[in-house]
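Q: Anchor point for the sequence shown: position 635 equals 635 in the UniProt record's numbering, and the numbering is continuous, going up by one each time.
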Amino acid sequence: MQANFVIDLGEKAQVPIISFSATSPSLTSLRSSYFFQVAQNDSSQVKAISAIIQAYGWREAVPIYIDNEYGQGIIPFLIDALQNVDARVPYRSAIPSSASDDQIGQELYKLMTMQTRVFIVHMSTNLSSRLFTKAKEIGMMSEGYVWIITSGMTNSIRSIESSAHNSMQGVLGVKTYVPNTKELENFTVRWKRKFHQDNPTILNVELNVIGLWAYDAVSALARAVEIVGTTNFGFEKTNASSNLTDLETFGVSLNGPKLREALWGTRFRGLSGEFSLDNGQLQSSTFQIINVNGNGEREIAFWTPENGLVRKLNSTNTSTYSTSRYNLGPIIWPGDSSSVPKGWEIPTNGKKLRIGVPVKDGFSEFVKVTHDPSTNTTQVHRNFDAVVGDTTIIANRSNFVDFTLPYTESGVSMIVPIKDSERKNAWVFLKPLTWDLWITSGCFFVFIGFVIWVLEHRINEEFRGPPSHEIGTSLWYSFSTMVFAQRETVFNSCNQLLPMSTSLLRVGSMWATCKGSFVLGILKGMGFDETKLKVYNSTEECDELLSKGSANGGIAAAIDEIPYMKLFLGNYCSKYTMLESIYKTDGFGFAFPIGSPLVSDVSRAILNVTEGEKMKQIEKAWLGEQTNCPDSSTQVSSGGLSLASFWGLFLIAGSASLSALIISVSMFLYKERHKILVRFDSERSIWRRVRHTFRIFDGKDLSSHTFRKRAPQDISGIDSVHGIGASDHASPNNNYPPSPSSCSVHIEPHFDFSNSGTPPREYCHPNPNGHSFQLAQAIELIDHPNQEEPRIPEIAHENC
Numbered sequence: 001m002q003a004n005f006v007i008d009l010g011e012k013a014q015v016p017i018i019s020f021s022a023t024s025p026s027l028t029s030l031r032s033s034y035f036f037q038v039a040q041n042d043s044s045q046v047k048a049i050s051a052i053i054q055a056y057g058w059r060e061a062v063p064i065y066i067d068n069e070y071g072q073g074i075i076p077f078l079i080d081a082l083q084n085v086d087a088r089v090p091y092r093s094a095i096p097s098s099a100s101d102d103q104i105g106q107e108l109y110k111l112m113t114m115q116t117r118v119f120i121v122h123m124s125t126n127l128s129s130r131l132f133t134k135a136k137e138i139g140m141m142s143e144g145y146v147w148i149i150t151s152g153m154t155n156s157i158r159s160i161e162s163s164a165h166n167s168m169q170g171v172l173g174v175k176t177y178v179p180n181t182k183e184l185e186n187f188t189v190r191w192k193r194k195f196h197q198d199n200p201t202i203l204n205v206e207l208n209v210i211g212l213w214a215y216d217a218v219s220a221l222a223r224a225v226e227i228v229g230t231t232n233f234g235f236e237k238t239n240a241s242s243n244l245t246d247l248e249t250f251g252v253s254l255n256g257p258k259l260r261e262a263l264w265g266t267r268f269r270g271l272s273g274e275f276s277l278d279n280g281q282l283q284s285s286t287f288q289i290i291n292v293n294g295n296g297e298r299e300i301a302f303w304t305p306e307n308g309l310v311r312k313l314n315s316t317n318t319s320t321y322s323t324s325r326y327n328l329g330p331i332i333w334p335g336d337s338s339s340v341p342k343g344w345e346i347p348t349n350g351k352k353l354r355i356g357v358p359v360k361d362g363f364s365e366f367v368k369v370t371h372d373p374s375t376n377t378t379q380v381h382r383n384f385d386a387v388v389g390d391t392t393i394i395a396n397r398s399n400f401v402d403f404t405l406p407y408t409e410s411g412v413s414m415i416v417p418i419k420d421s422e423r424k425n426a427w428v429f430l431k432p433l434t435w436d437l438w439i440t441s442g443c444f445f446v447f448i449g450f451v452i453w454v455l456e457h458r459i460n461e462e463f464r465g466p467p468s469h470e471i472g473t474s475l476w477y478s479f480s481t482m483v484f485a486q487r488e489t490v491f492n493s494c495n496q497l498l499p500m501s502t503s504l505l506r507v508g509s510m511w512a513t514c515k516g517s518f519v520l521g522i523l524k525g526m527g528f529d530e531t532k533l534k535v536y537n538s539t540e541e542c543d544e545l546l547s548k549g550s551a552n553g554g555i556a557a558a559i560d561e562i563p564y565m566k567l568f569l570g571n572y573c574s575k576y577t578m579l580e581s582i583y584k585t586d587g588f589g590f591a592f593p594i595g596s597p598l599v600s601d602v603s604r605a606i607l608n609v610t611e612g613e614k615m616k617q618i619e620k621a622w623l624g625e626q627t628n629c630p631d632s633s634t635q636v637s638s639g640g641l642s643l644a645s646f647w648g649l650f651l652i653a654g655s656a657s658l659s660a661l662i663i664s665v666s667m668f669l670y671k672e673r674h675k676i677l678v679r680f681d682s683e684r685s686i687w688r689r690v691r692h693t694f695r696i697f698d699g700k701d702l703s704s705h706t707f708r709k710r711a712p713q714d715i716s717g718i719d720s721v722h723g724i725g726a727s728d729h730a731s732p733n734n735n736y737p738p739s740p741s742s743c744s745v746h747i748e749p750h751f752d753f754s755n756s757g758t759p760p761r762e763y764c765h766p767n768p769n770g771h772s773f774q775l776a777q778a779i780e781l782i783d784h785p786n787q788e789e790p791r792i793p794e795i796a797h798e799n800c
C-alpha cells in the first residue's frame, strides 16, 4: 500500500519515483510512466524455478509464501510456469507475516500429511528463518524433502543468523547473478572500509545485490540530471492552500518529464551488471542456482532465458534451451543425502489410499476377491486414488485418468479349434478350396493348355509330333505356369494358403467374447454381425462352446484380449490355438487420477519387473506353461475358399487367353486365305473344307522366325530327295560318266494348264559346260474332283 501511494504521488506531481528494493510484480500493473523499478522483478525467476522442477521430473510442488502483497504477487506467475512443465500445485500455503511459531508449526504439520515433498518458499528473510527452524524441529529437513527458496531470500542469505542457516542445509535457491568485475571488487573494499569506520562493532558484513542496485540507481539519476541540467528544478503550483496535508496543493515538476525521458535512455555498465530501464524496469534475467551447504552456499548452475540450465556461463555458443539435470553440479539434499528425492511420499500419518479393484467373472487368476458377508453387504460408490488389476489401456479412458506403462502383452486376438483328425484324411489337401473352385480351375487348366498349343504348334518344334506328345507338352506347360513360381521366391507360405482370420467372422460363423468385455464394442465398430454373438462367463464355458462348433449351437472362434486368451490356452492349449492380433490395444495397466505423482514411480517399478526374469516367473505361475501343446505345424480349422473369391481372376485370365486365341486364329486365316479359298467351290462340303484348313494349320509356318534360319538347307534337302537336279552332282557310286547334256525339271505351282489345253512349258538352259541343257516343266498340282487325293504327275528326266 505504501509503494502504491508513493507511485500515485509521483504520477500526479510528474516526479520520477525510483525504487531499488520493491520487486513485486503487482507494482508493474500500475503502469505509471514515472515509476522506475531498479530491481529484478520477482516474476522473472519463475521460469528458472520451473526449470529445476522439470529437470528432476517432479510432478507437484507446494508454494509457501508470506500472506501480503509481496508474497501474493508472484503466485499467479509461478503457477503458470509450473503448469507449462506439467507440474501441479495441489495446495498453496499462505503464512501471515505476524504468525507465531505455533501457527507456523501447525501449517507445517498440515503439509506433512500431504504426498508432496517439494516446497517453494517465497517470503521475507525474518519469516523464512523462523520457518526453516521449525521445519527442522519437526523433521521436515530430513531425507526425501525438497526446499527451493526465491531470490528475495538468497540475495540476503549471508545476513541470516547462523542458527537459522544451519536449519537450511540442503536447500536450493535462485539468486540474482552479479558478474564479478574489477570495479565491483574495488567498490566492495571501499564500502567495507567505510562501513567499519561507521560501525566498528559489526563484523563480517557483506554487501548484497540490493545495495548494488541502490548505487546503480543513484548513478543513473546523476547521469540523467547531467543531461537535463540543474535549472528549473521547481514546481508549478496549481492551488494555493495553507493546509500542509492537502495533497491537492502539490504542484507539477517543471523538469520531471525531461528527467523521465533521460532515465529511460540511460544505459551503462553498473556494479550489478548491464543497466537499462526499458519501460521503467531493470533488464536483468540471469540467475545463479545455489545449494546451501555448510556455512555458505555452493554454485551448482546458471539459468538464462536463452539456454536454460547451464553449468557455466559462456561455456558454449549454442542457443538450445536445456532443462537437463546433468547440467547441474552435485547437490547435497536435506538430510545430508546425495540421492535425488522423488518428490512425493505416502505419509504415515496421512490418509490411506483408496484402491479400486475391478473384478471380471471367469478370470480369477488376475484378480480374485472374496467377500465377507458380515462386513461387505452393500455396494459402495466412491472416488478412488488408484485402480489396479486387469484394466485395459484405451484412448477414451485416458481422457479421465493417467495410466502407467502396461505390464502385459497388448492386443485383441482370436482362439480357434485345432482339427487334428483332418491331417489323417488322404483328401485333406482339397479342403482349402471348394468343389466349384476346383472344377473351374481344372477347366481353365485345359483351356489354357489348348490356347498355348494353338499359339505354338505351327512355329515351335516342341509342340509338334504325335498327338500324345503335343497334348502332354501343352498340358505340362499350362500346369507349370499355373503352379510353379518362375523367378520370384515365395515368402510366408502360410499366409498364401490360409485365409485371413477375420474371414471366420464374416462368413456367418458364430463367435463369442467374455461378458462385460469392451471387445464387443470394438467388434461392432468393425462391422461384425451382432446377431452372431454369444457371451461366455468362464473358461470352461468357452471350451464347451468351441467344442460344439458353430453348426451345433456352439461357436467357431472366441475373441478377447491376449492376456485372457493366453490364460485360456494355459488350460486348453492341446485343443485350440491363438491366431494373429486383430485389434491393437496397449495392454493392462494401473489407473490413477490425472496428474498423480504415483504414475511415474509405478511405471518405473513395472519396467523393473517386465525387463527381467520376474515377469516370466509370474506368467508361469499364474498362466501356466504350455508344455503339452502341439507343434507349430498343426492345421487350423477354417472354411474353404469359394469361386466367389476368385471370379475376377478367372475373368481376367479367361479374357486374355480367349483374346490371344481369337487373334492367333484370325492371323492364320488371313495369312493362308489364298490356300484355303482358291481351291474351294460351292460343291465342296463344309467338313472337307474344315479338314483341308486343319491340314494347312498342321503344317509348319516356314515364314516364322523359328524356321527362317534353316530355310536354305531344308529346300536343298527336299530337291535331293525327289531327284531334282541330280545331274548337277554326280553320285559317288555311279560308275558311268555324266551325260553331256541333262534336263532339270522345276515345279512352279499356281499355274493350271489343264483347262487351257496349253502343254507344260519347258525351258532348256545351256549347261555351263556348253553341251547340256536343263529342261524345266511348269506343272501345277491339281486336286482332281474325281479323286480323293491330289494326283502328282510323274516327272521324267530326258536329254534335250
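Just so it is clear, CB atoms sit at the ideal spot from N, CA and C, and this is done for glycine as well.
1) Below 7 Å CB to CB, which residues in the same chain sit around T154 once its five sequence neighbours on both sides are set aside?
2) Can you give me the C-alpha to C-alpha distance between D336 and I18, rounded to a whole angstrom?
3) So is I64 buried or exposed if we call it buried at 16+ other beta carbons inside 10 Å?
4) Compute every distance between the C-beta of L172 and the non-hydrogen atoms of the ligand MN, then say whether any falls below 8 Å.
5) Where does F751 fall in DSSP's three states?
6) Grouping DSSP H, G and I as helix and E and B as strand, with all else coil, what is G73?
7) May I have the straight-line CA-CA distance separating S574 from P563, to the nearest angstrom?
8) Does the distance from the C-beta atom of L277 to that of T286 stay below 9 Å?
9) Please go through the same chain and pick out, in chain order, the residues whose beta-carbon is closer than 6 Å to the beta-carbon of L9, but skip the five residues on each side of it.
10) S159 and V209 - do their beta-carbons sit closer together than 9 Å?
11) So the candidates are A551, L641, I555, N295; which of them puts its Cα closest to the Cα of L545?
12) Determine the contact status of Q72 and S151, defining contact as a CB-CB distance below 9 Å.
13) Hey, is the segment 579 to 586 in contact with the segment 396 to 413, meaning 3+ C-beta pairs nearer than 8 Å?
14) Can you grab the Cα-Cα spacing for the pair C443 / T434, in whole Å?
15) For G173, report the span of its beta strand (DSSP E) as first-last.
16) Which runs of the beta strand (DSSP E), 3 residues or longer, sit entirely within the segment 504 to 556?
17) Assuming R464 is part of the alpha helix (DSSP H), what are its boundary residues?
18) With a CB to CB cut of under 6 Å and the five nearest residues on each side skipped, what residues in its chain are close to S474?
19) Among the residues of its own chain, which have a CB less than 6 Å from the CB of L353, if the five just before and after it don't count?
20) With distance defined between alpha-carbon atoms, name the residue in L533, M526, E345, Q617 nearest to S596.
21) For A87 and A61, what's the separation of their Cα atoms in angstroms?
22) How about F302 and V310: do their beta carbons lie closer than 9 Å?
23) Considering only the beta carbon of each residue, do T577 and I415 sit closer than 9 Å?
24) Rounded to the nearest angstrom, what separates R130 and N4 at their Cα positions?
25) Whose C-alpha, out of Q281, N279, P305, is nearest the C-alpha of Q288?
26) Could you compute how far the alpha carbon of T392 sits from the alpha carbon of F518?
27) Which of helix, strand or coil does DSSP assign to Q281?
28) Between N279 and D216, what straight-line distance do the alpha-carbon atoms span, to the nearest angstrom?
29) Label residue 806 either buried or exposed according to how many other C-beta atoms from any shown protein chain fall within 10 Å of its C-beta, with 16 as the threshold for buried.
30) At the level of alpha carbons, what is the spacing between R689 and W476?
31) With a threshold of 7 Å on Cβ separation, who are the neighbours of V15 within its own chain once the five nearest residues in sequence on each side are excluded?
32) Can you tell me which of the three DSSP states S276 falls into?
33) For N126, count neighbouring C-beta atoms within 10 Å of its own C-beta (all shown protein chains included) and say buried if the count is 16 or more, exposed if not.
34) Considering only the alpha carbon of each residue, which of N460, M140, I74, D101 lies closest to M114?
35) Can you grab the Cα-Cα spacing for the pair F403 / V602, in whole Å?
36) Return the CA-CA distance between L498 and A653, expressed in angstroms with no decimal places.
A: On the basis of the coordinates in this document:
1) G173, V174, K175, I290
2) D336 and I18 have their C-alpha atoms roughly 43 Å apart.
3) So I64 counts as buried.
4) The model on display carries no ligand, and the ligand MN is accordingly not part of it.
5) Because the pLDDT at F751 is just 39, under 50, the model does not fix this residue reliably, and the value given afterwards should be weighed accordingly. Note: F751 maps to coil in three-state DSSP.
6) Here G73 sits in coil by DSSP.
7) Looking at the two C-alpha atoms, the distance is approximately 18 Å.
8) no
9) Correct list: empty, nothing qualifies.
10) no
11) I555
12) Not closer than 9 Å, so no.
13) yes
14) If I take the Cα positions, the gap works out to 15 Å.
15) 172 to 176
16) 511 to 514, 533 to 536
17) Counting along the chain, R464 falls outside any alpha helix (DSSP H), and DSSP gives it neither H nor E.
18) G449, I452, W453
19) D385
20) E345
21) 7 Å
22) yes
23) Closer than 9 Å, so yes.
24) 29 Å
25) P305
26) 9 Å
27) strand
28) 17 Å
29) With the chain covering only 1 through 800, there is no way to say anything about residue 806.
30) 32 Å
31) Y34, S253, G256
32) strand
33) exposed
34) M140
35) Straight through space, the alpha carbons of V602 and F403 are spaced by roughly 10 Å.
36) Caution applies to L498, whose pLDDT of 40 falls short of 50 and renders its modelled position unreliable; the model cannot decide the point.
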